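Structure, as C-alpha cells:
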C-alpha cells in the first residue's frame, strides 16, 4: 500500500478474482482476509480507505454468485465483469444483459484486452449505450502493454469512451501500481478535469460516495 500512498491514492477497492476452477476462495474467507488487511494497513496509513470488491469472471454459475454482496463492488450494485480475452461479442452481450436484468451496474474490466472490442469502436459504443462502464488499466494507458494497446486506449480516451482507470496491481513488482504516471499522461493528453473524472469522480459516483 506504500506505493499507492506515495502516488496520492487514498481510496482503494480490493478486487480479488472469483473464477470457477481457478479462484474459488469462499466469501467468508475473503471477508476475514479483508478485515485483517484493513487492520494492518490502518496502522501505517490511517487515512487510507480500503474497500472490498470482486473481479467476477463471467459464467452461468457466476451470475448466481452475484446475489452475494461480497461478489460485488463494496457491497453495492456495481459488478466488475471479466471475460475470456477471446470471448465472442454475442456471449459478452448475453452476460451483460443478464447482469442488467438483475438491476446491477456493469463495469467491463480492462476492456482493452478483449479481441471483440479492438476492431473499431462500434462494439464499445454498444456497451456504453447499454449502460456499461468502461475500465482500462493504467499500464495500457502508459504503453506497458505494447504500442497497439496504447494507441487503442488513447483513441478511446480522446473520444470520451473510458469511464475508469485502474491499477490492476497484483504485486510490488511486475504488475505494480503506476497510477500517477497514467494520471499525468491523461492530464497531458486530455486535461486535468478528464483525469480527475477517470481516477476519482466517476468511481465515487458509482459507489455512492461524495469524496
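Numbering (the working numbering), first residue to last: 45 to 255.
Ideal Cβ placement from N, Cα and C applies to all residues, glycine included.
Please read these numbers as outputs of a predicted model, since none were measured by experiment.
With a threshold of 16 other CB atoms inside 10 Å of the CB of residue i, please say whether the residue is buried or exposed.
{"i": "residue 155", "result": "buried"}
{"i": "residue 84", "result": "exposed"}
{"i": "residue 233", "result": "exposed"}
Could you check how far apart the C-beta atoms of residue i and residue j are, in whole angstroms? I think they sit under 8 angstroms.
{"i": "residue 125", "j": "residue 150", "result": "5 angstroms"}
{"i": "residue 54", "j": "residue 115", "result": "The Cβ separation is near 25 angstroms, so there is no contact."}
{"i": "residue 57", "j": "residue 97", "result": "4 angstroms"}
{"i": "residue 209", "j": "residue 243", "result": "6 angstroms"}
{"i": "residue 141", "j": "residue 107", "result": "About 11 angstroms; that fails the 8 angstroms criterion."}
{"i": "residue 129", "j": "residue 157", "result": "5 angstroms"}
Quick check on the DSSP output: the alpha helix (DSSP H) that includes residue i runs from which residue to which?
{"i": "residue 232", "result": "223-234"}
{"i": "residue 49", "result": "46-50"}
{"i": "residue 87", "result": "71-88"}
{"i": "residue 197", "result": "191-202"}
{"i": "residue 104", "result": "104-109"}
{"i": "residue 185", "result": "182-186"}
Would you call the CB atoms of residue i and residue j closer than 7 angstroms?
{"i": "residue 34", "j": "residue 221", "result": "Outside the shown range of the chain, which is 45 to 255, sits residue 34, and nothing can be said about it."}
{"i": "residue 211", "j": "residue 223", "result": "yes"}
{"i": "residue 133", "j": "residue 160", "result": "yes"}
{"i": "residue 250", "j": "residue 122", "result": "yes"}
{"i": "residue 62", "j": "residue 100", "result": "yes"}
How far does the beta strand (DSSP E) with residue i in it extend, from its first residue to its last?
{"i": "residue 149", "result": "149-152"}
{"i": "residue 210", "result": "208-210"}
{"i": "residue 99", "result": "99-101"}
{"i": "residue 95", "result": "93-96"}
Report the three-state DSSP secondary structure of residue i (helix, strand or coil).
{"i": "residue 135", "result": "helix"}
{"i": "residue 167", "result": "helix"}
{"i": "residue 243", "result": "helix"}
{"i": "residue 123", "result": "strand"}
{"i": "residue 115", "result": "helix"}
{"i": "residue 63", "result": "strand"}
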